[in-house]
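Just so you know, the sequence shown maps onto residues 1 to 1198 in UniProt numbering.
No residue lacks a Cβ here, since even glycine has one placed at the ideal position from N, Cα and C.
Single-structure report; data block below.
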Amino acid sequence: MSSLMPDCTSKCRSLQHALDVISVVTRGSEGQIKAFLSSYCYNAATIKDAFGRNVIHLASSCGKKGVLDWLAETKGVDLLAKDKESGWTALHRSIFYGYIDCVLSLLKHGVSLYVQDKEGLSALDLVMKDRPIHVVFKKTDPTEVYTWGNNINFTLGHGGQQGKHHPELVDLFPRNGVYIKQVVLCKFHSVFLSHKGHVYTCGHGQGGRLGHGDEQTCLIPRLVEGLGGHQCSQIAAAKDHTVVLTEDGYVYTFGLNTFHQLGILPPPPNCNVPRQVQAKNLKGRMVIGVAAGRFHTVLWTKEAVYTMGLNGGQLGYLLDPNGEKCVTAPRQVSALHHKDISVSLVSASDGATVCVTERGDIYLLADYQCKKMASKQLNLKKVLVNGGYLEYKVDTQHLKENGGQKICILVLDEAGRVFCWKSSNNSMKQCRWVYGRQVFMSDVALNRNEIMFVTQDGEAFTGKWLEEGKKISEKKAELVSSLQNSSCDASCEHDTNSVYERIRLQKLTFVHRAVSIATDPNGCNFAVLQSDPKTSLYEIPSVSLSSFGEDFGKLLDETDEMDSIHDVTFRIGTRTYPVHKYILAVRSDFFKKLFVSSDDQLDTPDVYRKDEDAVGCDLYVIDKVHPDLFAYLLQFIYTDTCDLLTHGCKPKILHKGKSEEYQDTLISNLSKMSFDENVNEKSAFEIYRNNQVQVINEKQKSKSKKGKVVGEEANLIKMLQSAAKKFGLSNLSGRLDGVRLENGKINVVNRKNGNKPKLNQKKCSYLCDVTLKSLDGKEFPCHKCVLCARLDYFHSMLSSSWIEASCCSALEMAIHSDILQIIVDYLYTDEALAIKDSQNVEFICNVLVVADQLLISRLKEICEVAIAEKLTLKNAAELLEFSAMYNAEQLKLSCLQFIGLNMAALLEARTLDVLSDEVVKDLSVYYRKMIPAMVRRVITPYPDGPDISSFEPEDGENFVFLREGMNTEQNSQEALFKRAKTKAKKKPRKRSDSSGGYNLSDIIQSPASTGSVKLDKTNSVESLPELLTSDSEGSYAGVGSPRDLQSPDFTKGFHPERTEMKDKACSQGMKTSQPNKEMKSYKGSSALTQSVPQSIPSARNNSASSPNWVAASFSPASPPAMDLRTIMEIEESMQKCGTMPKANSGRMASHGIKLSQKQRKMIALAAKDNGSVTNITEPTTLITTPPPPTKVAKLGNA
């Protein structure tokens, strides 16, 4: 890093500095960028170029997450700074360029998602705009319902009375696979209509408004069983009653009938279950829509509108002259009974009714009149009305004088425009939005306080009217009023172009896929329908083809008479077939009876038991069946198919081959030759001539047999059919009916597919020969042949010399019984029905983990499919992390695409914070590939700018890289040592006393050996006796006990070159001695692979901590032969030669204690017989230092 100080101050505003900084950010690595920013400019973190961009903007645009974190944590930059061009923050830029890792980093540092740019777009809006083209939200999509509000009357369906401040999913429906297409919210209850035509209700049930047959309160939506036999198409509801329309045009109502709004004759006070509305004037007419207000109900057909209930002026006709205040049966609105009228839309409030015709005419039923409010309003898709005034004298008990409110009508057309009519100004106006950008609506809802909107992009807004004085001038208002009064039937096209209804919009949070919205009349509770987040998902996991038949076919092919898996052998002629009882018994009733019955109970003379085979299994002999036919039968039993069922296959010939025939002929001739005479007096030619006639007869007989075989070949199919019937394989016999043998090839004329082969674990339980025991103690009796055929894990365990293959006890599996049951079921049936039916994602993940460990790839794929079906916005991030950890590649792709399609919702909910850095990198790469426009969003590195080649990564980065390299080396060394430990465990363990099995006098009198000792700086004298007296398996690799130890070859801890240099230095400083000569003899040794001697740990450690110099040097070849004085001489010699390790740099050397008698004895027990050394009388001291962090060394070639 350059040591030059910047030539500016902290208030630097140099444009050139800004350009240089931006250029470096686009070109350099993260380490170079940090180094450059620290040394180039005092104000490098905040300085801006001509476009208002600073380093934080460019770092987020280029995906330099490390620079972002460094700037945010150490430089204190303003992360909300906007550029001049678009008003974008760093978060806008990171989203625009698709670097999700930078997005998450900025969010963790507190950057807001809702900051808008100059066009009124927030960062979430940019994500929404980048949505792939194929993602379109429609009402016909599978939709989920989200509700929020005060929830005073349990109308939200969340199972409690707590209010919700943000839209939350009503999880009852997705748990049961139910998708909702319409929601109606009222004061005391809510009604939900599913795509399948089922109706659900929740809330207060007083008066029967829920339709469940009682008046109980429901906290969560409950199915209305009274409508179970009908396909419902539309629902409507008011404060006290509910109306349902079926696909057949029938209308059902239930709830309170205080105002005769149910339309049931005779009128009951209430109805707890749905009852059909039957009226004479509705016979033969198809009702196409329903609407409901508190006091009345509206039905309409294509030609007419019918109303019923309390007539306060909203029904569309005058009061009954007889004084009847309520209309009990549906009555047609005569004012709308025209010849050319065709009703398309109807809406009702407590005090008004609005009707729309296909010609674009809008009629208002209020004040006992039918008024035409507008005309030529074409292509309307929805109409709403709120407010109205009723004549309080009609029912003074329930109505108040001057009660009600002004009427407001909203109309939505197909183009997404909204028009509003208010009784206060008596004109239809187009709505304009007070918002930063233009939006087009796809749905609208209205209450007495505000308007709710849904856009075509899936967003949701709340809207409020601006005050009248702020919208238009008083003069313009008078002009509009006069024009409207002059002709109320005229088109409102002029009003639309001149005056607008201005509405201020506020975006709803956590709504990104909305298709419909609803609100109660008072504006207290709300609901929004959003498309299922998996709707546009096409990266869906799939399950590979079954290998069930192939597995058992391979088992049949690999079975031989000497293996430990088969349990029965069949002999047909000269061939033997080792097979498995369970498979034959399950697939054939003949074999099932054969294995159960005893010898005297067998009713088949052609099949009989005869002794045992080579490994003690039952041996059966089958007569009068050709071996090839029996092979076809076995092939079908094991694989559910055979060669004769395969089109185009050339079947085997049913007679013996030439070599076998020739050998059998020779044997037959020799056996049939007559040797009764005295052959000593006859020549070989004479004996041959005497038997020539017999040989000719045999040839003639063989020719006649060949003719018969040819005839049998023609009837090969029939022969196999008869054999299949004989052995109880009726399925094979039936499938052979459509098979023909033509010109030596199989021709399948009529293919009959058999049932998928399945096995049953509980069937033939008396043939179970292995038991699996789960972690919680549950036992599963199984069949060894099935386990070995289906899973390599069990095949390796049970078919080899492992102890489990011959152990009589249950095989303990470290798997819970619930998971083990699924594993066993899959092995027997090739299916996992419990996985498909389970709703517990965590349980399925646990099964996937076990399947991954046992290498059951197809079961793993089944789990991936089941988990992908249960992907939600809440678990998507966790499942992505899970799939990355366990290499579930299909599930990982599904999670990546799911997150990419729902990026806005997941960023707003902050559910991606749980992802690791590696997975976030993968997500960023996938997201950029998913958005086609990302190919063009690339910042080209700036060619001009300072040279940064001299800037190196910071010291901290070097340290990190070095530490990673050390960890890699340590891991490789640990792996090597584990291999050596495994080999050491295979050797038989020996027990010995602490003296190693030798007397001290024998050791002292034995010949001395030579060698050089070089101990590591971390060696501990106190740990040496523990090491040498340890008799555990893991004490060191390759040695069973101290009895097996030889004198150590201490030179194996050195490099040959270093050893030679040490010898030269030693020979120059002192007289030539025997150790020096012997040291030189090791220069060319190929075993010198250890470069650094390792520490001697305590014997309490496991085998992974064994001393390397001991493991590499000792071998159980001969008893130790080095006396104590020789050891002292070696240590003294090493000290004088300078071969003793130095202390750690910067620390004072700490001299160890002199070796005691016991310690010297322990070293003597570990010595090798490699020669002798001269006596050196001075004692040796060991240099000891505090041990550094433990590092496992590589093993030598011992």
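Asked, Found
"In DSSP terms, what V356 is bridged to", "L345, I362"
"CB-CB length for T519 against M452, believed under 8 angstroms", "5 angstroms"
"Selection from C232, R53, D640, C431 that minimises the alpha carbon distance to Y252", "C232"
"Any beta strand (DSSP E) of 3 or more consecutive residues that is wholly inside the segment 532-612", "568-572, 575-579, 607-612"
"Three-way DSSP call (helix, strand, coil) for C41 in this model", "coil"
"Helix, strand or coil at R432 [DSSP, three-state]", "strand"
"Distance, G160 Cα to Q261 Cα", "31 angstroms"
"A415 to W433 span [Cα, whole Å]", "15 angstroms"
"Whole-Å CB distance - E144 paired with L124, under 8 angstroms assumed", "That pair is no contact at about 20 angstroms."
"Burial state of M286 (16 or more Cβ within 10 Å)", "exposed"
"Coil, strand or helix - I948 by DSSP", "coil"
"E450 versus G66: straight-line alpha-carbon distance, rounded", "46 angstroms"
"Opposing strand residues paired with N747 [DSSP bridges]", "R740"
"CA nearest to the CA of K758, picked from F552, G463, H338", "F552"
"Exposure of Q314, with buried meaning 16 or more beta-carbon neighbours within 10 Å", "buried"
"Counted within 10 angstroms of its Cβ, other Cβ atoms place T911 as buried (16 or more) or exposed", "buried"
"Range of the contiguous alpha helix (DSSP H) that encloses G66", "65-70"
"Per-residue burial, G284 [other beta carbons within 10 Å of its own, 16 or more giving buried]", "exposed"
"Inter-residue CB distance, L741 and L716 (contact presumed, cutoff 8 angstroms)", "6 angstroms"
"Beta-carbon proximity of L629 to I746, cut-off 7 angstroms", "no"
"Nearest-angstrom Cβ-Cβ length linking H783 and L767, presumed shorter than 8 angstroms", "6 angstroms"
"E324 to N272 span [Cα, whole Å]", "26 angstroms"
"Delimiting residues of the alpha helix (DSSP H) encompassing A460", "No alpha helix (DSSP H) contains A460, which is instead part of the beta strand (DSSP E) from 460-465."
"Nearest to K138 (by Cα), restricted to the options M930, V625, L384, T535", "T535"
"Integer-rounded CB distance, given that F36 should sit under 8 angstroms from I939", "Between F36 and I939 the Cβ distance is about 17 angstroms, and since that is not below 8 angstroms, they are no contact."
"Helix, strand or coil at Y632 according to DSSP, with G and I counted as helix", "helix"
"Bounding residues of the beta strand (DSSP E) (the contiguous stretch that carries I235)", "232-237"
"Residues of its chain near C408, where Cβ-Cβ distance is below 8 angstroms and the 5 sequence neighbours each way are ignored", "V385, N386, G387, C420, W421, K422, S423, L446"
"Cβ-based neighbour list, P946, same chain, cut-off 8 angstroms, excluding 5 preceding and 5 following", "D20, S23, V24, F36, Y40"
"Heavy atom of the ligand COA within 6 angstroms of P946 beta-carbon", "This structure lacks the ligand COA, and indeed carries no ligand of any kind."
"Residue burial classification, T9 (beta-carbon count within 10 angstroms, cutoff 16)", "exposed"
"Cβ neighbours of S542 in the same chain (closer than 8 angstroms, five flanking residues each side left out)", "E861, V865, Q890"
"Contacts around M128, its chain only, beta-carbon distance under 8 angstroms, and the 5 residues preceding and following it disregarded", "D457, G458, E459, H512, A904"
"Identity of the residue in D141, L227, G229, V298 nearest K181 by Cα", "D141"
"Rounded C-alpha distance that separates K108 from L91", "11 angstroms"
"Other residues of its chain near R222: CB distance less than 8 angstroms, five sequence neighbours each side excluded", "Y200, T201, C202, L210, H212"
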